[in-house]
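Structure, as structure tokens:
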Amino acid sequence: MIEFVVIVESSADARTATKLAERVLVEKVDWLETNLLEHLFQWRGLEEITAHSCWRDISDIIERAKESGLPIPKFLGHKKTGTLKADGAVAMKILNLIQIIHIKKNRPIKAVLFIRDLDHQPERRQGIEQARSEQGDRQSNLEIIIGTANRMREAWVLNGFIPANPEEDKILQEIKAQLTFDPCEKAHRLRSSSWNEPERIRNPKVVVELLTQNTGMLRECQCWEETSLEHLRERGVYTGLTDYLNEIEQRLVPVISPQTGA
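Reminder that position 245 of the sequence shown reads as 248 in my numbering, one-by-one numbering, no gaps.
Structural data, given as structure tokens:
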């Protein structure tokens, strides 16, 4: 069975990104139903026993690969696209490792998802795009999908939040009054990292907690699992969500159904 490798910051990012991808696949491939997905591909990390890999663990993963005897080449850092920005060097190391484990371990890896919070660092996406451009000529059989949340994953959650009851609507109206804008429609304007007043209301993590009333991941999941993709595309223009959904449609759909992507 073919594999799609997932590189994320956390398990929450993996759940969000993979579920959204599955929804786009089902939407765009006429014959595909949700119950067929598990028979077509697997979400995997760089190591076979994992469902995803985290950016912070890449160095350790590469070291373990070397210790296992895999021939990992030394990475020099300067490529045809120039000096790699931000995450570009790490992305190149990941792509090199994928190429090696594909060959040496015979893993049928057909795509890799790079999921990253921008956190006020647009160069993160630029670096990953550099790596994709560099690697494109070398691994034409590997699709590279980039999803960068502006500013973080919680902005995507807010894009999908629709009040489910009067209490949630009341909380949303109160937050809108404080901010003077709708945090779900303009989640990209929530730029604060503070948990203290007066800036905490502009922290997307705080707003998500207030709206979901600390009910945990279940209520959050509804925001990306149940809200229509059309709605998410409309709201996600400035948070990177729309771009991510488009990347899935343009790059991952053809892997599952080449005729659909033609």
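Positions of the beta carbon are idealized from the N, C-alpha and C atoms, including for glycine. Keep in mind it's a predicted model, so treat the numbers as computed, not measured.
query = Between which two residues does the alpha helix (DSSP H) harbouring Val-29 extend?
reply = For the purposes of this step, residue 29 is identified with residue 26 of the sequence shown, where counting begins at 1. Start and end: 14–31.
ask   = With distances taken between CB atoms, is the gap from Ile-148 to Tyr-241 smaller than 9 Å?
value = Locating residue 148 in the sequence shown gives position 145, where the first residue counts as 1. Locating residue 241 in the sequence shown gives position 238, where the first residue counts as 1. The answer is no: Cβ separation not under 9 Å.
task = Helix, strand or coil for Arg-156, going by three-state DSSP, please let me know.
result = Counting from 1 along the sequence shown, the entry for residue 156 is found at position 153. The answer is helix: DSSP assigns Arg-156 an H, G or I state.
message = How far does the beta strand (DSSP E) with Gln-45 in it extend, from its first residue to its last?
response = The residue given as residue 45 occupies position 42 in the sequence shown. Here the beta strand (DSSP E) through Gln-45 covers 44–47.
ask   = Asp-90 and Arg-119 look like a contact to me (Cβ under 8 Å); what is the Cβ gap, rounded to whole Å?
value = As a position in the sequence shown, residue 90 is number 87, starting the count at 1. As a position in the sequence shown, residue 119 is number 116, starting the count at 1. Indeed, because the Cβ distance is near 6 Å, the residues count as touching under 8 Å.
request  = Label Arg-18 either buried or exposed according to how many other C-beta atoms from any shown protein chain fall within 10 Å of its C-beta, with 16 as the threshold for buried.
outcome  = Along the sequence shown, read from residue 1 onward, the residue named residue 18 stands at position 15. Classification of Arg-18: buried, given that the 10 Å Cβ count is 16 or more.
message = By the DSSP assignment, the alpha helix (DSSP H) with Ile-106 in it spans what residues?
response = Working through the sequence shown from its first residue, we reach residue 106 at position 103. 91–107 is the span of the alpha helix (DSSP H), which, as asked, contains Ile-106.
inquiry  = Extract the residue ranges of the alpha helix (DSSP H) inside the region 184–224, only unbroken runs of 4 or more that lie entirely within it.
reply    = 207–215
inquiry  = Quick test of your reading: Lys-113 and Glu-137, contact by CB under 8 Å. State the CB separation rounded to the nearest angstrom.
reply    = Residue mapping note: residue 113 aligns to position 110 of the sequence shown, counting from 1. Residue mapping note: residue 137 aligns to position 134 of the sequence shown, counting from 1. The pair is not a contact, with the Cβ atoms about 19 Å apart (cut-off 8 Å).
task = Give the DSSP-derived three-state secondary structure of Val-115 in the structure shown.
result = If you number the sequence shown from 1, residue 115 lands on position 112. Reduced to three states, the DSSP call for Val-115 is strand.
key: Ile-10 beta carbon less than 9 Å from that of Cys-57   = Your numbering for residue 57 matches position 54 in the sequence shown. Your numbering for residue 10 matches position 7 in the sequence shown. Yes, the Cβ-Cβ distance between Cys-57 and Ile-10 is below 9 Å.
query = Considering only C-alpha positions, which residue in the set Val-93, Ser-71, Gln-262, Thr-230 is nearest to Ala-167?
reply = Working through the sequence shown from its first residue, we reach residue 167 at position 164. Minimum Cα distance to Ala-167 is reached at Thr-230.
inquiry  = Within the continuous beta strand (DSSP E) that includes Glu-6, where are the two ends?
reply    = Walking along the sequence shown from the start, residue 6 turns up at place 3. Counting along the chain, the beta strand (DSSP E) containing Glu-6 begins and ends at 5–11.
query = Just checking my contact of Glu-25 with Leu-40 at CB under 8 Å: how many whole Å lie between their CB atoms?
reply = Translated into the one-based positions of the sequence shown, residue 25 becomes position 22. Translated into the one-based positions of the sequence shown, residue 40 becomes position 37. That belief holds up - the Cβ atoms of Glu-25 and Leu-40 are roughly 6 Å apart, short of 8 Å.
Opposing strand residues paired with Ile-147 [DSSP bridges] = Along the sequence shown, read from residue 1 onward, the residue named residue 147 stands at position 144. According to DSSP, which records beta bridges pairwise, Ile-147 is partnered with Val-115.
query = What residues are listed by DSSP as bridge partners for Cys-57?
reply = As a first step, residue 57 is located in the sequence shown; it is residue number 54 there, counting from the start. BP columns for Cys-57 point to Val-11.
inquiry  = Quick check on DSSP: helix, strand or coil for Asp-172?
reply    = Position 169 of the sequence shown, counted from the start, is the residue given in the question as residue 172. If DSSP states are grouped into helix, strand and coil, Asp-172 belongs with the helices.
ask   = Candidates Glu-252, Ile-5, Val-160: which alpha carbon is nearest Ala-15's?
value = Locating residue 15 in the sequence shown gives position 12, counting from the first residue. Closest option to Ala-15, Cα to Cα, is Val-160.
message = Can you give me the C-alpha to C-alpha distance between Thr-53 and Asp-185, rounded to a whole angstrom?
response = Position 50 of the sequence shown, counted from the start, is the residue given in the question as residue 53. Position 182 of the sequence shown, counted from the start, is the residue given in the question as residue 185. Taking the straight line joining both Cα atoms gives about 38 Å.
message = DSSP has Asp-120 in a bridge; who is on the other side?
response = Looking up residue 120 in the sequence shown gives position 117. Asp-120 pairs with Ala-152.
message = So, with DSSP's three-state summary, where would you put Val-256?
response = Position 253 of the sequence shown, counted from the first residue, corresponds to residue 256. The answer is helix: DSSP assigns Val-256 an H, G or I state.
Under the three-state DSSP convention, the category Thr-230 falls into = Here the question's residue 230 lines up with position 227 in the sequence shown. Coil at Thr-230, not helix or strand.
query = DSSP state of Tyr-247, grouped into three classes?
reply = Here residue 247 corresponds to residue number 244 of the sequence shown, with the count starting at 1. Helix, per DSSP.
Where Pro-125 falls, given that 16 or more other Cβ within 10 Å makes a residue buried = Within the sequence shown, the letter at position 122 stands for residue 125. By the neighbour-count rule (16 or more Cβ atoms within 10 Å), Pro-125 is not buried but exposed.
ask   = Which residues in the same chain as Ile-165 place their Cβ atom closer than 7 Å to its Cβ, once the five residues preceding and following it in sequence are excluded?
value = Counted from its first residue, the sequence shown places residue 165 at position 162. So the list reads Thr-230, once near-sequence residues are dropped.
task = Round the Cβ separation of Leu-73 and Ile-104 to the nearest angstrom and send it over; I've been treating them as touching at under 8 Å.
result = In the sequence shown, counting from the first residue as 1, residue 73 sits at position 70. In the sequence shown, counting from the first residue as 1, residue 104 sits at position 101. So it is a contact: roughly 7 Å between Cβ atoms.
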